[in-house]
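For the sequence shown, our numbering puts the final residue at 342, and the numbers step up evenly by one.
Where a beta carbon is used, it is the ideal one built from N, C-alpha and C, also for glycine.
All values derive from a computational prediction rather than experimental measurement.
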Amino acid sequence: MARQVRSLEELLSLAEVEDVQFYEVHGRVLEGLDPVESGGYDDGLTEQPHATSRVLLQDDSLGFRLRLTVRSPLAEYVSDAAVLFRLAEPVSDIDPDIVGAFIQREAFPVLYPFVRQSIFDLASRMGVESVVLSLARLGETNFTLNLAAEDSGRVDNAD
């Protein structure tokens, strides 16, 4: 019989990180752009990072997928990854507010450093000026994530 989770603390006690998976890590140098003329933000980006996310909740697992697109004066980067949590026992429906709080407190802080580092590594491997995204916590970022129920879906397919 599936357990009903009634609080964030209860969900936190059940969840353990099982895996971090990457689905896409992509970068491309933009041709014909002059970094001096293209302007940008203080962090070297020409536009704010764009993020999309998905949440998957199954009986004994919870997944959070984050796809971040970043554009600098010289290149564009995409990093798409998910963190998967194993739940100690099967759970039934959980209030979306509890899942959202779990994403903010646990899943996002686990996954974001991997995504951030992958973008930095891409720039380095491409031989362009590195993009260093700031440390972030959900709600303190300069990009937004939609955690609405309609974004729920398979963690393995954000497209």
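Any chain B beta carbon closer than 8 Å to residue i
i	result
Gln187	As a matter of chain content, chain B is missing from the structure shown, which is built from one protein chain.
When the options are compared against residue i, the one with the closest alpha-carbon
i	options	result
Pro292	Ala185, Val203, Pro279 and Thr252	Val203
Ala290	Glu201, Ala185 and Gln187	Glu201
Phe268	Arg186, Leu195 and Ala185	Leu195
Arg299	Ser313, Arg186 and Val238	Ser313
Glu192	Ser317, Phe297, Leu318 and Arg288	Arg288
Where residue i falls, given that 16 or more other Cβ within 10 Å makes a residue buried
i	result
Gly246	buried
Arg308	exposed
Pro232	buried
Arg189	exposed
Val315	exposed
Simplified DSSP assignment, three categories, for residue i
i	result
Gln204	strand
Val311	coil
Ser236	strand
Glu192	helix
Ala185	coil
Contacts around residue i, its chain only, beta-carbon distance under 6 Å, and the 5 residues preceding and following it disregarded
i	result
Ala271	Leu197
Val266	Val203, Phe247, Ala290, Val293 and Leu294
Tyr206	Asp263
Check your understanding: Should the segment 200 to 216 be regarded as contacting the segment 271 to 284, the criterion being three or more beta carbon pairs within less than 8 Å?
Key -> no
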